[in-house]
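A.B. asks: Just dropping this structure here.
Protein chains in written order, with the working numbering: chain A, 1 to 436; chain B, 1001 to 1355.
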């Protein structure tokens, strides 16, 4: 029998080996951090500090004023030297707090707790206060995901250890080096939702992580580690739920909770564990720095707000044939125009690609209707129609082809023999229409 | 913001995904051309340099026609994508070895310049270019297009004048009946063997099912074509032939006593089902739609073979089904992940009238 998976998907070169064996290495805290007040999906935070103010590590510098939002905290101790608009990895200008590190590493007072003595509400309050967001890239505020409406029954919590994006190893290193923390995090999430079954899904190209987590989970009968087929985008929420539970999240705006599931990323689980057990806010994360254009690929433990240029420096700098630097993975990450942007809570990797890895051309051909994108689309869409209609300016017609069910995984553009920028066409059409 | 410490690399900004598969239009076209190489080599073996000459004329004329239109319309050259070459090669394999020079030249012009380029180039054509080219020459020069040469294995065939003419097996069956067909070949087994290995009259490329299947296997292995169209097309032909075809023993028409093997191996079916009805641009892109397309091709092919004026119907079947491609694509869409039939809205309860 084949491994659990979903229909569709593609097999881009994995390239995991570049940084697979590089164990987690803390990067020295930088002299200055730039902390964006919006690092998540939802309302930006309001600054709670003033220029000139002294702050400690873990001190809140931005407060969440809306439900769908997450506070941000200082990742160094020192003085606020600027508050203003700075570019973020997505290329947008975002209000940010700039803090000069005094090198003292003074923390705010952290209040630890025994998770088993906390109520679900207390757990969610701690997660909310710690500013936890989904650390796989989308950065959706975690407390929102953990607060489903009463009428939705949650049956399963699924930890996403698929890490299906090529190149990245951030979650892999956490699974291998901190398996107990991962499982503690999962147990805390299950407790906060009153769920009795937790899964960890891992692609079969990470046998070591599978073994380590399986033995770490052996003492918990309610935690199951599930091996998954290696296929992109196996780690997409909907695909992961389908592979593990067989359930399909409804199209047209359905959410995992509609089929009784909550999915969390591995890094998020560890951050949740640190927040609930130790009282630590989310101020650092694992970032895989890799790619053919980086001299020494590493998995760095980085303070939020550290400039990408410093990560690159710490990994030996760029090679001369570098053509692209990407925040995230090669399938869904953002190309950076400058290295002077900060690492945020959602930065899973910095990928430096050479010409041969990421051949770029502006030229593309007509759709030859080969149907490869239809076979590749994990959402069962017809990407060729979306690209043809969007190219012709018929964005509204794209909705007949379920435009808004596309989550832009890039499988269609990956396989397209005409090299059509299908995802870009989809984004164009989305920018001109409203969901529904 | 600190100034960059060193000269910043010139970074490319583009939308994700940042990696692409190695597949390309030109690789597909050249691979399909390669897959036709066994059949082409076979045609030279069976018909001598005449085959080489006809095919070369088709290819050169195809490529010149493409360039001509692109020069006139001011669009860049697309010769390197291999599609004009492939169209020429396919047309060549669909022509009789004895075609006079103007047939391949004008056929290729109609195929590439009119059927493809004037509709907007590769991707926008409605009809299979090579087949329109063939339909044009068949209707314009019916005699030249139905004069079939017997294979002359081992001879170069330089003296084409002496070549003997012979009807195709399908033509024999249609015009003279089964007894004549068996007379010519000796036995039904010989008919099958000749059709499979290639020792019959016919178009250059359709004489040997074996050589075509070798190329088709390559395309299936590379997943350039999938089973849906060939299987549904050939399967439908076989079923109809069995139900309504000529009985190989009696020579008469008998329900459920027909000869599927003869109909599957003869004419242009193998060439058409694997290489022409699988042309991406002119057939449905959704797999379920492809089965409908294949069944439709099979039905029309057999309608023409059994009841039509022409002995062979594969070409017209594919062209007719090409017309249906847009409507099949429109009506047979994929099932979106997580799609659920909208729940029927409960009848609104009539409000109780309050008095």
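Built from N, CA and C at the ideal position, the CB exists for glycine as well.
Of all Cβ atoms in chain B, is any one closer than 7 Å to the Cβ of residue 379 of chain A?
C.D. replies: Yes, residue 379 of chain A lies at the interface with chain B (some Cβ there is under 7 Å from its Cβ).
A.B. asks: Taking all protein chains shown into account, do 16 or more other C-beta atoms lie within 10 angstroms of the C-beta of residue 188 of chain A, making it buried, or fewer, making it exposed?
C.D. replies: Classification for residue 188 of chain A: buried.
A.B. asks: Report the CB separation of residue 1334 of chain B from residue 380 of chain A in whole angstroms; it is logged as a contact under 8 Å.
C.D. replies: The Cβ separation is near 5 Å, so the contact holds.
A.B. asks: List the residues of chain B whose Cβ lies closer than 9 Å to the Cβ of residue 37 of chain A, in chain order.
C.D. replies: Within 9 Å Cβ-Cβ: nothing; residue 37 of chain A doesn't reach chain B, min ~17 Å.
A.B. asks: If distances are taken between C-alpha atoms only, which option among A/361, A/393, A/141, A/57 comes closest to residue 439 of chain A?
C.D. replies: Only positions 1 to 436 of chain A appear in the structure, and residue 439 of chain A is not among them; the question remains open.
A.B. asks: Residues in the same chain with beta-carbon distance under 7 Å from residue 274 of chain A, minus the five sequence neighbours each way, listed in chain order, please.
C.D. replies: 280, listed in sequence order.
A.B. asks: Just grab the DSSP bridge partners of residue 228 of chain A for me.
C.D. replies: In the DSSP output, where bridge partners are listed per residue, residue 228 of chain A has A/4, A/203.
A.B. asks: What residues in the region 368 to 398 of chain A have a beta carbon less than 7 Å from any beta carbon of chain B?
C.D. replies: Taking 7 Å as the Cβ-Cβ cut-off against chain B, the residues of the region 368 to 398 of chain A that qualify are 368, 369, 370, 371, 374, 378, 379, 380, 381, 382, 384.
A.B. asks: Shorter than 7 Å from the beta carbon of residue 316 of chain A to some beta carbon of chain B?
C.D. replies: No, no contact with chain B.
A.B. asks: Residue range of the alpha helix (DSSP H) that residue 301 of chain A falls in?
C.D. replies: Where residue 301 of chain A is concerned, there is no enclosing alpha helix (DSSP H), although the beta strand (DSSP E) it sits in stretches over 298 to 303.
A.B. asks: In the DSSP assignment, find the unbroken alpha helix (DSSP H) run with residue 430 of chain A in it and report its ends.
C.D. replies: Start and end: 422 to 431.
A.B. asks: Going by CA-CA distance only, name the one from A/310, A/353, A/344, A/300 that's closest to residue 326 of chain A.
C.D. replies: Answer by Cα proximity: A/353.
A.B. asks: Any heavy atom of the ligand ADP inside 6 Å of the beta-carbon of residue 1172 of chain B?
C.D. replies: Inclusion of the ligand ADP in the displayed structure is not the case, the ligand content being empty and no account of it being possible.
A.B. asks: Can you grab the Cα-Cα spacing for the pair residue 209 of chain A / residue 1075 of chain B, in whole Å?
C.D. replies: Their backbone Cα atoms lie some 54 Å apart in a straight line.
A.B. asks: Where does residue 39 of chain A land, buried or exposed, given buried means 16+ other C-beta within 10 angstroms?
C.D. replies: When all chains shown are included, residue 39 of chain A counts as buried.
A.B. asks: From residue 160 of chain A to residue 213 of chain A, what distance separates their C-alpha atoms?
C.D. replies: If I take the Cα positions, the gap works out to 13 Å.
A.B. asks: What are the uninterrupted segments assigned as alpha helix (DSSP H) that are 4 or more residues long and contained completely in the region 142 to 219 of chain A, given in chain order?
C.D. replies: You should have 142 to 145, 170 to 177, 179 to 193, 207 to 216.
A.B. asks: Within 7 Å (strictly less), CB to CB, does residue 1335 of chain B reach chain A?
C.D. replies: Yes, contact with chain A.
A.B. asks: Just to make sure I have the definition right: I need the residues of chain B whose C-beta is within less than 8 Å of the C-beta of residue 166 of chain A. Which are they?
C.D. replies: Ordered by position in chain B, the residues that pass the 8 Å Cβ test against residue 166 of chain A are 1019.
A.B. asks: Which residues of chain A have a Cβ atom closer than 9 Å to the Cβ of residue 1011 of chain B, listed in chain order?
C.D. replies: Near residue 1011 of chain B (Cβ distances below 9 Å), the residues of chain A are 322, 323, 324, 325, 335, 336, 337, 338, 339.
A.B. asks: From the beta carbon of residue 358 of chain A, is the nearest beta carbon of chain B less than 7 Å away?
C.D. replies: Closer than 7 Å to some Cβ of chain B, the Cβ of residue 358 of chain A qualifies, so yes.
A.B. asks: Compare the C-beta of residue 1025 of chain B with all C-beta atoms of chain A and state if any pair is closer than 7 Å.
C.D. replies: Answer yes: the Cβ-Cβ gap between residue 1025 of chain B and chain A drops below 7 Å somewhere.
A.B. asks: For residue 250 of chain A, which residues of its own chain have a beta-carbon under 8 Å away from its beta-carbon, when the five flanking residues on both sides are left out?
C.D. replies: These residues qualify, in order along the chain: 258, 259.
A.B. asks: Quick check: what's the CA-CA separation for residue 1190 of chain B versus residue 1105 of chain B?
C.D. replies: Residue 1190 of chain B and residue 1105 of chain B: Cα-Cα distance of roughly 35 Å.
A.B. asks: Let me make sure I understand the geometry here. Which of B/1131, B/1171, B/1127 has the alpha-carbon closest to that of residue 1147 of chain B?
C.D. replies: For the residues B/1131, B/1171, B/1127, the minimum Cα distance to residue 1147 of chain B belongs to B/1171.
A.B. asks: Residues of the region 81 to 95 of chain A in Cβ contact with chain B at a cutoff of 8 Å, in chain order, please.
C.D. replies: Flagged, chain order: 86, 91.
A.B. asks: From this set, A/22, A/34, A/201, A/223, which residue's C-alpha is nearest residue 266 of chain A's C-alpha?
C.D. replies: Cα-wise, what sits closest to residue 266 of chain A is A/201.
A.B. asks: Can you tell me where the alpha helix (DSSP H) with residue 1293 of chain B in it begins and where it stops?
C.D. replies: Looking at the DSSP string, the run of the alpha helix (DSSP H) that includes residue 1293 of chain B is 1287 to 1307.
A.B. asks: Closer than 8 Å between beta carbons: that is the criterion. Which residues of the region 417 to 432 of chain A meet it against chain B?
C.D. replies: So the close ones are 417, 418, 419, 421, 423, 424, 427.
A.B. asks: With 7 Å set as the bound, which would you pick, yes or no: does the beta-carbon of residue 1028 of chain B sit closer than that to a beta-carbon of chain A?
C.D. replies: Yes - at least one Cβ of chain A is within 7 Å of the one on residue 1028 of chain B.
A.B. asks: For chain A, find out if any of its Cβ atoms is closer than 7 Å to the Cβ of residue 1067 of chain B; answer yes or no.
C.D. replies: False, the Cβ-Cβ gap to chain A never drops below 7 Å.
A.B. asks: Considering residue 82 of chain A, what are the terminal residues of the beta strand (DSSP E) in which it resides?
C.D. replies: Note, residue 82 of chain A: beta strand (DSSP E), 78 to 87.
A.B. asks: Is there a C-beta anywhere in chain A that falls below 7 Å from the one on residue 1221 of chain B?
C.D. replies: No - not a single Cβ of chain A is within 7 Å of the one on residue 1221 of chain B.
A.B. asks: Does DSSP put residue 1006 of chain B in a helix, in a strand, or in coil?
C.D. replies: Note that residue 1006 of chain B has pLDDT 42, beneath the 50 cutoff, so the model's placement of it is unreliable and no number is given.
A.B. asks: Leaving aside the five residues before and after residue 193 of chain A along the sequence, list all residues of the same chain whose C-beta is less than 8 Å from its C-beta, in chain order.
C.D. replies: These residues qualify, in order along the chain: 120, 146, 148, 154, 157, 262.
A.B. asks: Any beta carbon from chain B within less than 7 Å of residue 274 of chain A's own beta carbon?
C.D. replies: It does not; no Cβ of chain B falls within 7 Å.
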